[in-house]
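Sequences listed follow chains A and D, in order. So the first sequence is numbered by full-length UniProt numbering: it starts at 1 and just counts up by one. So the second sequence is numbered by full-length UniProt numbering: it starts at 1 and just counts up by one.
2 protein chains.
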Amino acid sequence: MSQAKDPPRKRRGAGRVTLAEVARAAEVSAISVSRYFNQPDQVSPPLRERIEAAVQALGYVPNLVAGGLASARGRIVGMVIPNISGPIFAQTIQAFSDTLSSHGYQLLLASSYFSEAQEESAVRAFLGWSPAALVVTSHFHSPATEKMLADADVPVVEIWDYRPERAPLQVGFLHHQVGVQACRYLLDKGHRRIAFVQNSAAGDLSALERRDGYIAALHEAGLEPWVFVPSTDCAPFEAGKQAMEALIRRQPRPEAIIFANDNLAAGALLAGQRAGLRLPEDMAIVGFGDYPFADMLLPSLTTLRPPSRAIGELAALRVLQHLGVVACEGEVQRLNLLACELIARESA
Amino acid sequence: MSQAKDPPRKRRGAGRVTLAEVARAAEVSAISVSRYFNQPDQVSPPLRERIEAAVQALGYVPNLVAGGLASARGRIVGMVIPNISGPIFAQTIQAFSDTLSSHGYQLLLASSYFSEAQEESAVRAFLGWSPAALVVTSHFHSPATEKMLADADVPVVEIWDYRPERAPLQVGFLHHQVGVQACRYLLDKGHRRIAFVQNSAAGDLSALERRDGYIAALHEAGLEPWVFVPSTDCAPFEAGKQAMEALIRRQPRPEAIIFANDNLAAGALLAGQRAGLRLPEDMAIVGFGDYPFADMLLPSLTTLRPPSRAIGELAALRVLQHLGVVACEGEVQRLNLLACELIARESA
DNA sequence: TTGTAGGCGTTATCAT
DNA sequence: ATGATAACGCCTACAA
């Protein structure tokens, strides 16, 4: 097929076994081999056997790129998530990917670091692969991203956050409600001077919604909110330490603090102990995320556990239902509201 | 496979702006638009302007599937990793993905859970996308996977583990050496009765190499190894507790224990404290992984920190060099040996 | 149940 | 620097 001139140089589609070759070997038409993979039921057993033998013998691997081009829908799903290595999103990704791949779909992944620009560029790249679906995190997108998502004829799922008024499928929870939940828990324990420490990562807008929930709950109780904003140029763990050190010095000091996430809370925990505070007697602490270390700390950390795995699984399920891969009675459920669980441990 | 009534259902390539349409709008040939995206230098400024205007006006998004088919190499890289949500691999994935995407390549991700069968199925699916490269974790593959990797005309990188004798690009460290490192550290501290606790996850073969390193180091010192094998049907944290509880009862009890990872070590730490042990005086503990909680524990955990981020970055760099996307003098470096750092904290 | 014809949107090749 | 033409490998549509 190629001349012996250049030694091992690859030409266009050289070296790869094609559907046509399998068809030839099995003495059937190409379309039958195609059906063998995509609608096996429609191929009679005798043909199926011959095809299977040929596939085995030749080591054929279907070219999904060609298939995707021909059918205008690839078995690939794009997901854009703030970060991959954070403890909460990782679970979502894992569950999503596993559910997808168990149905023959693959995950295309990118992280945005809470940046709308990075999200936009990821979405653009993903759309180029004509994905079967697209998953984005939260409802904060650039106008261009919104437009691409709206124009593209691709099912979109927004996860993590829950915004019933928005068009795409929603799988998530109400961050505002989480703030309320944490605050009420502390109010019920009798605390009155309750502070909230924001995340040091500037783009984490969902965390601000939790803060707003905290504020609303306090107002409802007739109390004044007390929001501490750490400097944005340091890691969460350090920011938590700083916040704690600063808040301890206030007179009167807060009786309880809600942190935007467990990293902040863990830093605060250590700083509090170092300062000689008894926890939770002198100061109650609530985090968010239920990171793996939460119950290894002393005192163990009271926190809210987001339904990370459930979000990933459910998002994948809805996508698969939408694609008709998984059976579904009636319409695919568009709104999927999950809940955070308050894990009461020693710190509050 | 289809719904009965679908009015605005998409046909084959409907709705999408194509290269040809852009070319028409800009009054140039299709190939010039193609060059505008792939080799902008070869397009003259005047043409470039017209094309840019047309792209903007039409909102054109290149179809990477078609491009991949035509060029037989998509800008996609597949990665198979034991698990996504584990603290160590997550960093590798993150670094790998970020480095790739900053050069216009996308990450196709799947997890194997240390199962060769799952790895095989992921590799097969990935090959169908004619990826620009493939990354797999460690050197334990099924024969079929080995064959696919060898036959496919795709650069392969093996990460995490380091096996100079194997053909694919290697980016990783020597697990055996890590076992030696941990053991010598304890020997230097004067410990003699040193035990090793294996991972409860059965497929984690790399952990067994660390164990073998430990055994070798002990033999070298003229001492007897002492390997504890926890039951495989429980989570690492629990397995660590069990191991600790069991080892405490032995007479004589070990003076120091090396754990296959930090989760096991953390469980042991808590179990030891609960049993009234003073750590590290009564028992020194060394983990592996430097999980995020390692320095939040009391006592903080002495452990070995794998070069997780570095592996991801370097793997991506080598891939990009191999593809000619990143400049590289001479051959792409095939062997890339990194080191684990021993983080000495309070527990040993 | 099986087969034939044509096209999906892009890039490689070769020409100007 | 720019363009014409022919693949790339598979799937949809229609036919037998």
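Idealized CB from N, CA, C, for every residue including glycine.
Query, Result
"Whole-Å CB distance - F140/D paired with E116/D, under 8 Å assumed", "7 Å"
"As assigned by DSSP and simplified to three states, the class of G287/D", "coil"
"Nearest-angstrom Cα separation, counted from P307/A out to D6/D", "Its pLDDT being 33, under 50, D6/D is placed unreliably by the model, and nothing is read from it."
"Unbroken beta strand (DSSP E) run spanning E331/D, endpoints", "Premise fails: E331/D is in no beta strand (DSSP E) and is neither H nor E."
"Entirely enclosed alpha helix (DSSP H) segments - the segment 118–174 of chain A, minimum 4 residues", "143–151"
"Neighbour list for S97/D in chain A, Cβ cutoff strictly below 7 Å", "I84, L109, A110 and S111"
"C-beta neighbour in chain A for L64/D, strict 7 Å", "yes"
"Residue span of the alpha helix (DSSP H) that contains A110/A, given as start and end", "Looking at the DSSP string, A110/A is not in any alpha helix (DSSP H); the run it does join, the beta strand (DSSP E), is Q106 to S111."
"G104/D versus S121/D, V171/D, L205/D and A132/D, residue with shortest Cα-Cα distance", "A132/D"
"Contact with chain A by V61/D, beta-carbon distance below 7 Å", "yes"
"Spatial distance of F259/D from V227/D (CA atoms)", "10 Å"
"Candidates D188/D, H175/D and D295/D, of which the one nearest R210/D by Cα", "H175/D"
"Uninterrupted beta strand (DSSP E) stretches inside the segment 233–285 of chain D (no shorter than 3 residues)", "256–259"
"Under 7 Å between C-beta atoms of V17/A and L64/A", "no"
"Closest residue to F293/A among R249/D, I311/D and F237/D (Cα-Cα distance)", "F237/D"
"Chain D contacts made by the segment 295–326 of chain A, where a contact means CB separation under 8 Å", "M296, L297, L298 and G324"
"Separation of E281/D from Q251/A, as counted between CA atoms", "41 Å"
"Under 7 Å from the C-beta of R124/D: neighbouring residues of chain A", "V61"
"Euclidean distance between Cα positions of A110/A and Q118/A", "9 Å"
"Proximal chain D residues relative to L247/A, where beta-carbon distance stays under 9 Å", "Result: empty, since nearest Cβ-Cβ is about 20 Å, beyond 9 Å."
"is_contact[L69/D, chain A] using C-beta, thresh 7 Å", "yes"
"Given 8 Å, three or more beta-carbon pairs between the segment 231–245 of chain D and the segment 213–223 of chain D", "no"
"8 Å contact criterion, which S112/A and A125/A should meet: CB distance rounded", "The Cβ separation is near 12 Å, so there is no contact."
"Closer than 7 Å to chain D by CB, E129/A", "Rather than Glu, the amino acid found at residue 129/A in this sequence is Trp. Cβ-Cβ to chain D under 7 Å: yes for W129/A."
"Interface flag, Q333/A vs chain D, CB-CB below 7 Å", "no"
"DSSP-derived helix/strand/coil call for N63/A", "coil"
"Interface partners of A90/A on chain D, CB under 7 Å", "I84, S85 and A90"
"Cutoff 7 Å: S34/D Cβ touching any chain A Cβ", "no"
"Coil, strand or helix - N38/A by DSSP", "helix"
"Within chain A, the residues that Q94/D reaches when beta carbons sit closer than 7 Å", "N83, I84, S85 and S111"
"Backbone CA spacing between L317/D and K189/A [nearest angstrom]", "53 Å"
"Buried/exposed call for K147/D, threshold 16 Cβ in 10 Å", "exposed"
"Helix, strand or coil at F196/A according to DSSP, with G and I counted as helix", "strand"
"Proximity of I76/D and Q39/D at Cβ, strictly below 7 Å", "no"
"Proximity test, Cβ basis, 7 Å: Q181/A and chain D", "no"
"8 Å CB neighbourhood of R48/A in its chain, flanking five on each side removed", "Y36 and P40"
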